[in-house]
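**Q**
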Amino acid sequence: MADDERTTHFGFDEVPEGEKRDRVGEVFHSVAPRYDVMNDLMSGGMHRLWKRFTLLRAGVRPGERVLDLATGTGDLAAPLARGVGERGQLVASDINASMLARGRDRLLDEGLIVPVVQADAQRLPFAARAFHCVTIGFGLRNVTDQALALAEMHRVLRPGGRVVILEFSRPASAWFQRLYDAYSFNVLPRLGEWVAGDAASYRYLAESIRMHPDQPTLAAMMEAAGLVRVTWHNLTHGVVAVHTGYRP
1357 MADDERTTHF
1367 GFDEVPEGEK
1377 RDRVGEVFHS
1387 VAPRYDVMND
1397 LMSGGMHRLW
1407 KRFTLLRAGV
1417 RPGERVLDLA
1427 TGTGDLAAPL
1437 ARGVGERGQL
1447 VASDINASML
1457 ARGRDRLLDE
1467 GLIVPVVQAD
1477 AQRLPFAARA
1487 FHCVTIGFGL
1497 RNVTDQALAL
1507 AEMHRVLRPG
1517 GRVVILEFSR
1527 PASAWFQRLY
1537 DAYSFNVLPR
1547 LGEWVAGDAA
1557 SYRYLAESIR
1567 MHPDQPTLAA
1577 MMEAAGLVRV
1587 TWHNLTHGVV
1597 AVHTGYRP
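For the sequence shown, the working numbering begins at 1357 and goes up steadily by one.
1. Rounded C-beta distance between A1552 and V1387? I'm assuming under 8 angstroms.
2. Does the Cβ of D1450 have 16 or more other Cβ atoms within 10 Å, making it buried, or fewer, making it exposed?
3. Measuring straight from C-alpha to C-alpha, what distance separates T1491 and R1526?
4. Look at A1597 and W1588 and say whether their C-beta atoms are less than 7 angstroms apart.
5. Nearest by alpha-carbon distance to Y1539: which of G1517, W1406 and R1566 is it?
6. For V1387, does the three-state DSSP call read helix, strand or coil?
7. Relative to the alpha-carbon of M1578, which residue among D1461, Q1533, L1591 and H1510 has its alpha-carbon at the smallest distance?
8. State yes or no: is the C-beta of P1418 within less than 7 angstroms of the C-beta of G1444?
9. Mapping DSSP to helix, strand and coil, what is V1595?
10. Pick out whichever of L1425, T1592, A1414 and P1471 has its Cα sitting closest to the Cα of N1452.
11. Going by the DSSP bridge assignment, what does D1450 pair with across the sheet?
12. Going by DSSP, what residues sit across from G1601 in a beta bridge?
13. Quick check on this structure: which residue in C1489, R1534 and A1457 has the alpha carbon closest to the alpha carbon of R1518?
14. In the DSSP output, which residue or residues are listed as bridge partners for W1588?
15. When you compare only the Cα positions, how much space is there between T1363 and E1373?
16. Taking the beta carbon of T1600 as the centre, do at least 16 other beta carbons fall within 10 Å, making it buried, or is it exposed?
17. Check whether chain C comes within 7 angstroms of A1597, counting only Cβ atoms and requiring the distance to be less than that.
18. Compute the Euclidean distance between the alpha carbons of L1610 and W1531, then round it to the nearest angstrom.
19. Within the continuous alpha helix (DSSP H) that includes I1492, where are the two ends?
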């Protein structure tokens, strides 16, 4: 099948692969101005604790080189940059120019001057074995070819380096899944409309979470990309999970 005939999911819709990138881009151009406010409202502030745990799993040390993919508004990038210190380097990357601009401004406001690179996670413009750690927070589910992105993360890691993925996942119990579904499909779009003037983008975000691989499936994909010692930790009943894997 030709590349322009292959399809993938955009939320619950099936679209040509080449179309998904543009449609995801439109979503994040739209939500960028109110992104941080909406994160606090949607999660009741829990996203801050999820990211704190992710940083603990990343365990960056002074002098390391770290790549933060889908850096967004810099929630992970800022503490990562402080963690690697002056002897190390944090590179902040995002495919979306609007999100990347907000992340760059935040880093500058916090006195952090780091390289900022607009790049596609499926085709990273970095040399092989360039980084000790690669992080990605709430971005993998928006990538068209997740297997290719994982392979790229593996490629740019040094031997012994680690990938740390924070992403929405699959609640562990059926009763919590029902509660979560009711919240996601009834409350989130209304919040998006009231606060950001954009119900459709937040409906897509809810749908994209349901289409993302569950914890064991993502772990198997990481292993297929060449990562070893893959583990995951469920947070908030499995609403999100932090996956970690290492390059041998």
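Even for Gly, the Cβ is constructed at its ideal location relative to N, Cα and C. Quantities reported herein were computed from a predicted structural model and do not represent experimental measurements.
**A** So, to answer that:
1. Here residue 1552 refers to the residue found at position 196 when the sequence shown is read from its first residue. Here residue 1387 refers to the residue found at position 31 when the sequence shown is read from its first residue. Right, their Cβ atoms sit about 6 angstroms apart.
2. One-based indexing of the sequence shown puts residue 1450 at position 94. Its Cβ being crowded by 16 or more others within 10 Å, D1450 is buried.
3. To locate residue 1491, count along the sequence shown from 1; it is residue 135. To locate residue 1526, count along the sequence shown from 1; it is residue 170. Looking at the two C-alpha atoms, the distance is approximately 20 angstroms.
4. Residue mapping note: residue 1597 aligns to position 241 of the sequence shown, counting from 1. Residue mapping note: residue 1588 aligns to position 232 of the sequence shown, counting from 1. It is a contact, given that the beta carbons lie within the stated cut-off.
5. Working through the sequence shown from its first residue, we reach residue 1539 at position 183. The residue with the shortest Cα to Cα distance from Y1539 is R1566.
6. In the sequence shown, counting from the first residue as 1, residue 1387 sits at position 31. Helix, per DSSP.
7. Counted from its first residue, the sequence shown places residue 1578 at position 222. Comparing Cα positions, the closest option is H1510.
8. Position 62 of the sequence shown holds residue 1418. Position 88 of the sequence shown holds residue 1444. Cβ atoms of P1418 and G1444: closer than 7 angstroms.
9. Numbered from 1 along the sequence shown, position 239 holds the residue referred to as residue 1595. Note: V1595 maps to coil in three-state DSSP.
10. Looking up residue 1452 in the sequence shown gives position 96. Considering only alpha carbons, the answer is L1425.
11. For the purposes of this step, residue 1450 is taken as the residue at position 94 of the sequence shown. Answer by DSSP bridge pairing, in chain order: Q1474.
12. Residue mapping note: residue 1601 aligns to position 245 of the sequence shown, counting from 1. Beta-bridge pairing links G1601 to V1519.
13. Position 162 of the sequence shown, counted from the start, is the residue given in the question as residue 1518. For R1518, the nearest C-alpha among the options comes from C1489.
14. For the purposes of this step, residue 1588 is taken as the residue at position 232 of the sequence shown. Answer is H1599, bridged to W1588.
15. If you number the sequence shown from 1, residue 1363 lands on position 7. If you number the sequence shown from 1, residue 1373 lands on position 17. One C-alpha to the other measures close to 5 angstroms.
16. Start at 1 with the first residue of the sequence shown, and residue 1600 comes out as number 244. That one is buried.
17. No chain C appears in this structure, which consists of one protein chain only.
18. Lying before the first or after the last residue shown, residue 1610 is absent from the chain, which here runs from 1357 to 1604.
19. The count along the sequence shown starts at 1 and reaches residue 1492 at position 136. I1492 -> not in any alpha helix (DSSP H); beta strand (DSSP E) instead, spanning F1487 to G1493.
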